Amino acid sequence: MSTNTYPTIETIRIGQYGHECRYCGHAVAKDGPGYRHTTTGQFRCDPTSRALQEARLSDSLVRS
23 MSTNTYPTIE TIRIGQYGHE CRYCGHAVAK DGPGYRHTTT GQFRCDPTSR ALQEARLSDS
83 LVRS
């Protein structure tokens, strides 16, 4: 079962390209009182997508 979560100031980290959501690893931007994911345009995210993204990053690092 996956849980949709909202990124907050406590769960935002500074990444290579700006602010990132700790749950899914996607870029976020301040939008009103909360943070919006720039890739999807949504406030909510699915943490399981982070595992998929990290697997892809790991594969690309191994290949390079």
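Start counting at 1 in the sequence shown, then tack on 22, and there's your number in my numbering.
Glycine is no exception: its CB is placed at the ideal position from the N, C-alpha and C atoms.
These figures come from a predicted structure and were not determined experimentally.
Asked: Check whether C67 and H41 have beta carbons under 8 Å apart; Found: no
Asked: R35 versus D81 - alpha carbon distance; Found: 23 Å
Asked: Own chain partners of T33 with C-beta closer than 6 Å, once the 5 adjacent residues on each side are dropped; Found: R44
Asked: Residues that D53 bridges to, as DSSP identifies them; Found: G56
Asked: Per-residue burial, Y39 [other beta carbons within 10 Å of its own, 16 or more giving buried]; Found: exposed
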